[in-house]
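Residue numbers (my numbering), protein chains in the order written: chain A, 13 to 210; chain B, 13 to 210. Glycine included, each C-beta is placed from N, C-alpha and C at the ideal position. See structure below.
Right under this line is the structure:
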């Protein structure tokens, strides 16, 4: 059944949000229309603008409105260190520790064969080009300590070593099975200090 | 701190959705940008369209794109029965029972003094005008069986009786403390049959 009314179309569109089922979508639609039409219009505009303006940084692959993001352009940063993370949230967590002054590469995912996510989907060719710029002397693998994150770190580590690059991994201060986004900054700071060569 | 980038603006705007906190909003923003830009654009358009086109039915107060909604215009419906519900979801649940062929009035809320929701906020003046059209002979109060829904039904019942109108209440087949939206159709069907004069 194809959605017909603006209300049905809205409820259908809200289901595109992760973790939102049919009931939640309908509640959200009613809420916005009844109590927060300004919010709905604002969200509508924000979505259109984001889709139009945001793309990937040519260097680190994170989301940005420019060709190269602010972090990659920062001259204060140590260009010999490259930290590989799964998502921009993970990058933000590492930034909050104030313990790392190098640059980043954001995979925007993790290897996950069961979900059909292979090396091409996490931009590993772009990572290789980035890591072999002649300035990077060490790649810090800061993927999550989940099974998939570990496998991704291992895969990238082997790939980098085959090209003569030094790869290290955040120390196991991060609890096994945990996700970076939900770990406290102190633990991540410790793990950054204790990173080990793979 | 005012949001700066399109990404921050989007995450901020997603928080206007009910039940979405800062972490969820960020996850949603990343998900849409990384995996479902079509969905994001579609949601953006759906929101703009909904805000522009949807308003309240002049007769029953539900959401509609026309002056009067389809249900109110349906000539097959029994114009002598008017069923008062809190939300369009509740109306939909009653429709699904196939036991009711009258018309509706949607309050778009319930009396809730603690939240500052008084008689004016649930359009009781519009309901009185609607119920005194000379055709309505019975008003079925189908607000939720929560404390607030019961209080609302009682308040409306007294108001209608003072104007010489007959008011009835869904039978207590609906579990006390329950919300219509989550009750099975069979129970609601029974409650509709057993409605009693208040």
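Query, Result
"Which first and last residues belong to the alpha helix (DSSP H) in which residue 138/B is found?", "136–143"
"Does residue 149/A come within less than 8 angstroms of chain B when only Cβ atoms are used?", "no"
"Less than 8 angstroms between the CB atoms is what I'm expecting for residue 181/A and residue 207/A, so what's the real figure, rounded?", "6 angstroms"
"Within the 8 angstroms Cβ cut-off, does residue 56/A reach chain B?", "yes"
"With the cut-off set at 8 angstroms, would you say residue 102/B and residue 192/B are in Cβ contact?", "yes"
"How would you label residue 143/A, buried or exposed, when you count the other beta carbons within 10 angstroms and need 16 or more for buried?", "buried"
"Residues of chain A with CB under 7 angstroms from residue 117/B, in chain order?", "Those do not exist, as residue 117/B stays about 15 angstroms from chain A at its closest Cβ, beyond 7 angstroms."
"Closest by CA to residue 202/B, which one among 154/B, 177/B, 90/B, 77/B?", "154/B"
"For a quick check, are the C-beta atoms of residue 141/A and residue 96/A less than 8 angstroms apart?", "no"
"Using a Cβ cut-off of 7 angstroms, pull out every chain B residue sitting near residue 26/A, in sequence order please.", "55"
"Using DSSP with H/G/I as helix, E/B as strand and the rest coil, what is residue 178/A?", "strand"
"Quick check: is the beta carbon of residue 45/A nearer than 8 angstroms to any beta carbon in chain B?", "yes"
"Using C-beta distances below 6 angstroms, list every residue in its chain close to residue 80/A, excluding the 5 sequence neighbours before and after it, in chain order.", "69, 70, 71"
"At which residue ranges does the stretch 49–98 of chain B contain complete alpha helix (DSSP H) runs of 4 or more residues, listed in the order of the chain?", "49–65, 82–85"
"Taking beta-carbon pairs under 7 angstroms, can you tell me which members of the stretch 137–166 of chain B lie near chain A?", "none"
"So that I know if they touch, is there some Cβ in chain A lying closer than 8 angstroms to that of residue 22/B?", "yes"
"What are the residues of the stretch 60–77 of chain B that lie near chain E, defined by any Cβ-Cβ distance shorter than 7 angstroms?", "Structure shown: chain E not included; protein chains present are A and B."
"For residue 153/B, does the three-state DSSP call read helix, strand or coil?", "strand"
"Taking 7 angstroms as the cut-off, is the beta-carbon of residue 16/B closer than that to any non-hydrogen atom of the ligand NAD?", "The ligand NAD is absent from the structure shown, which contains no ligands of any kind."
"Is the beta carbon of residue 173/A closer than 8 angstroms to that of residue 165/A?", "no"
"Examine chain A for any beta-carbon lying closer than 8 angstroms to the beta-carbon of residue 18/B, and answer yes or no.", "yes"
"In chain A, which residues lie less than 7 angstroms from residue 99/B when you measure between Cβ atoms?", "42"
"Can you find the residues in the same chain that come closer than 6 angstroms, C-beta to C-beta, to residue 37/B, ignoring five residues on each side of it along the sequence?", "23, 26, 27"
"Would you please verify whether the beta carbon of residue 196/A is less than 8 angstroms from any beta carbon of chain B?", "no"
"Using three-state DSSP, classify residue 115/A as helix, strand or coil.", "strand"
"Please state whether the Cβ-Cβ distance between residue 136/B and residue 171/B is less than 8 angstroms.", "yes"
"Since residue 212/B is in the alpha helix (DSSP H), which residue starts that stretch and which ends it?", "Outside the shown range of chain B (13 to 210) lies residue 212/B, about which nothing can therefore be said."
"Would you call residue 194/B buried or exposed, if buried means 16 or more other Cβ atoms sit within 10 Å of its Cβ?", "exposed"
"How far does the alpha helix (DSSP H) with residue 104/B in it reach, from first residue to last?", "100–108"
"Under 7 angstroms Cβ-Cβ, which residues of chain A neighbour residue 39/B?", "30"
"Mind listing the chain A neighbours of residue 48/B? Cutoff is C-beta to C-beta under 8 angstroms, in chain order.", "28"
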